[in-house]
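Under UniProt numbering, the first residue of the sequence shown carries the number 1, and numbering increases by one thereafter.
Ideal placement from N, C-alpha and C gives every residue a C-beta, glycine not left out.
Written below as structure tokens is the structure these notes are about.
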Amino acid sequence: MNQRVKLRLGDLLIQNGLINEEQLQQALSEQRQSGRKLGATLISMQLVTETQLLSLLSQHLNVPLIDLDNQRVDNNAVRLLPEIQARRYRAIVIEDKGNTLLVGMSDPADINALDELSAKLPKPIEVVVVSETQLFAAYENYYRKTEEIASFAQELADEYEDDVEFQLDAGIGDEQDNVVAKLLQSIFEDAVLAKASDIHIEPDENQLRIRQRVDGVLQENIIPEGNIASALILRLKLMCNMDISERRLPQDGRTRIVVKHHPIDVRVSTMPVHGGESVVMRLLDQSQGVLSLEQTGMPAEMITRFRALLHRPHGMILVTGPTGSGKTTTLYGSLTELNKPENKIITVEDPVEYRLTRINQVQVNPKIDLTFASVLRTSLRQDPDILMVGEMRDQETVQIGLRGALTGHLVLSTLHTNDAISSAIRLIDMGAPSYLVASSLKGVVAQRLVRKICDACIQDTQASNEHKIWLHQIEPELSHYSFKKGRGCQRCNFTGYRGRIGVFELLEFTEPLMDALKGDDTARFTAIAKSAKGFKPLAHAAFAYAKAGLTTLDEVLKLVEMVSDGKAHAPTEDNHLAASNDKAESSSDWRLEDLD
1 MNQRVKLRLG
11 DLLIQNGLIN
21 EEQLQQALSE
31 QRQSGRKLGA
41 TLISMQLVTE
51 TQLLSLLSQH
61 LNVPLIDLDN
71 QRVDNNAVRL
81 LPEIQARRYR
91 AIVIEDKGNT
101 LLVGMSDPAD
111 INALDELSAK
121 LPKPIEVVVV
131 SETQLFAAYE
141 NYYRKTEEIA
151 SFAQELADEY
161 EDDVEFQLDA
171 GIGDEQDNVV
181 AKLLQSIFED
191 AVLAKASDIH
201 IEPDENQLRI
211 RQRVDGVLQE
221 NIIPEGNIAS
231 ALILRLKLMC
241 NMDISERRLP
251 QDGRTRIVVK
261 HHPIDVRVST
271 MPVHGGESVV
281 MRLLDQSQGV
291 LSLEQTGMPA
301 EMITRFRALL
311 HRPHGMILVT
321 GPTGSGKTTT
331 LYGSLTELNK
341 PENKIITVED
351 PVEYRLTRIN
361 QVQVNPKIDL
371 TFASVLRTSL
381 RQDPDILMVG
391 EMRDQETVQI
401 GLRGALTGHL
411 VLSTLHTNDA
421 ISSAIRLIDM
431 GAPSYLVASS
441 LKGVVAQRLV
451 RKICDACIQD
461 TQASNEHKIW
471 LHQIEPELSH
481 YSFKKGRGCQ
491 RCNFTGYRGR
501 IGVFELLEFT
511 EPLMDALKGD
521 DTARFTAIAK
531 SAKGFKPLAH
541 AAFAYAKAGL
551 TTLDEVLKLV
561 EMVSDGKAHA
571 PTEDNHLAAS
581 NDKAESSSDW
591 RLEDLD
């Protein structure tokens, strides 16, 4: 800053005609009661906007105004100022410019804060104005637990030589155990802050790799102290009541933790690998509860049709897709719809992910022969109205489930198939009689998750040359269509994506489909299904999202490749003609008018 002037914000606002004297006195009275700064008080009273206030401060103090959401921030520079002090002074170190540090402040007129920052930071500071709203979002993003994790890892590693293994019979000493507990808590807190669905702990020869799956994509953090892996995994096994002496076989367990007052269920899976044991933890935030069908992203028209299937008195409904596609979320949303006092509902799950009142949930345990098939067989003798089977894994489970659907029960389950059409054929391949599948199966939902474009940095974009070739095959006019993408900002960690949304297709079983199945005519069944009224493949839904600006063409192409087993790659110039010739035979064929 070029000048150090004691600024009276209220007088400045009056001089510029943004408020009058009466409004200032009202704000000062409110400020005395709330204890907040005058600027925040004026904004909360809607007397000025945050943009007006920041622009005024920037002009008066001759300090640049920066959009922190679109400003790349150096993680190393941020940590020059501890979080507690950053929050106290409403500041963040954005960049180390060599001779000076670029520091963003929401109130650069705070002389006391400027003096404290100058004294605490190792270099002279260069101040810019930033939004307080964006500043608090930046704290959540940049002051994560990575530095704390590294500190605890170093502290733990210092207690041991590289070649020392933790003694299982002795366990870990109290002091070391406390450090391991703090390290694990930091790992969990960091994952929750990042909104991660899974944590991967992978020992390497000389380091420990911790990865988090955020919006379906893994993000990596390397800890050089590889010798702490055994202590970390030992503690996790103790938390999950696993056999700590068994390192040669995979194990599964479960525990519950609390992060920022949120109860989190943690499903833990260990697997022996070269160098130790790999651990994957699935995080389930119980405080968020079960999503409704509307919250899954299923289109309203499809929800109406799907609800009609759910309220049939009997039959089987399948939800299909690969691991991590949101099948369980859809099933739990369906159970919430059906959970009424007059309905007896039994679920057979591995594992039970969310606890639901009034529903009898059974956790399978193959070690004692409590399998899907055995529990399902017993459940049919418990006078249920509705059965939910976590997965159709084998022939016995499939046949019991289908017969249950045929004898007056509504059966919900999942299956690992690429799309809705192949699900019925898959059941037959698993040994179920075609007549039984045709008589019992009422509908199949196939789904995927695609990443949503970040709302904070969305912008227009034109299709790339590669995309244009692919789009030209669908409809020539689409190659000139304007789509959306994320520019990348602080809120989405400069990925351009934030959050995911479900992509769905629904196939309802009609008489012609049932007749084709009974006759074992899979080719006819597939042809009828593709032309069925209301049926639109997954690719249609994904592309509709791209047209609506919810996702990108890259995400659509990725989904099409998955559904088509890699056969629908966006063609290049060299294979454009061949791809066009194959178009009529492609299962992912569709035209623009199909989207209307």
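| Query | Result |
| --- | --- |
| Let's test the definition: count the other Cβ atoms within 10 Å of the Cβ of Gln15 and tell me whether it reaches 16, buried, or not, exposed. | exposed |
| Which value, in whole angstroms, describes the spacing of the CA atoms of Glu189 and Pro351? | 23 Å |
| Quick check on Phe494: does DSSP put it in helix, strand or coil? | coil |
| Would the beta-carbon of Val437 fall within 8 Å of that of Leu380? | no |
| How many angstroms separate the CA atom of Ser292 from the CA atom of Pro299? | 12 Å |
| Evaluate Arg248 with the Cβ neighbour count: other Cβ atoms within 10 Å of its Cβ, from every protein chain shown; 16 or more gives buried, anything less gives exposed. | exposed |
| Under the rule that 16 or more other beta-carbon atoms within 10 Å means buried, what is Gln459, buried or exposed? | exposed |
| Determine whether the beta carbon atoms of Gly315 and Leu410 lie at a separation below 8 Å. | yes |
| For the alpha helix (DSSP H) containing Met514, list its first residue and its last residue. | Glu511 to Lys518 |
| Pull up the DSSP beta-bridge partners for Lys485, would you. | Gln459 |
| Within its chain, find whatever has a CB closer than 8 Å to the CB of Cys492; leave out the 5 residues flanking it on each side and keep chain order. | Cys454, Ala456, Cys457, Gly486 and Arg498 |
| Within 10 Å of its beta-carbon, does Pro537 have 16 or more other beta-carbons around it, so buried, or fewer, so exposed? | buried |
| Return the chain-ordered list of same chain residues with a C-beta closer than 6 Å to the C-beta of Gln286, the five sequence neighbours on each side being excluded. | Pro263 and Asp265 |
| If you draw a straight line from the C-alpha of Glu294 to the C-alpha of Ile303, how long is it? | 8 Å |
| I need the straight-line Cα distance from Leu283 to Arg267, nearest angstrom please. | 7 Å |
| Could you name the residues of the same chain whose beta carbon sits closer than 6 Å to that of Ala420, not counting the 5 residues immediately before and after it, in chain order? | Val444, Ala446, Glu505 and Leu507 |
| Within 10 angstroms of the Cβ of Tyr142, are there 16 or more other Cβ atoms? Answer buried if so, exposed if not. | buried |
| May I have a chain-ordered list of the alpha helix (DSSP H) segments no shorter than 4 residues that lie completely inside the region 1 to 36? | 9 to 15 and 21 to 34 |
| Could you check which residue in Glu50, Ser269 and Met388 has the C-alpha nearest to that of Met239? | Ser269 |
| Any chance you could list the alpha helix (DSSP H) runs of at least 4 consecutive residues sitting entirely within the region 375 to 437, in chain order? | 395 to 406 and 421 to 429 |
| Out of Lys558, Thr551, Leu550 and Ser440, point me to the one whose CA is closest to Phe509's CA. | Ser440 |
| How far does the beta strand (DSSP E) with Gln361 in it reach, from first residue to last? | Asn360 to Gln363 |
| For the alpha helix (DSSP H) holding Ala539, just list the boundary residues, first then last. | Leu538 to Lys547 |
| Tell me where the beta strand (DSSP E) around Thr270 begins and ends. | His262 to Val273 |
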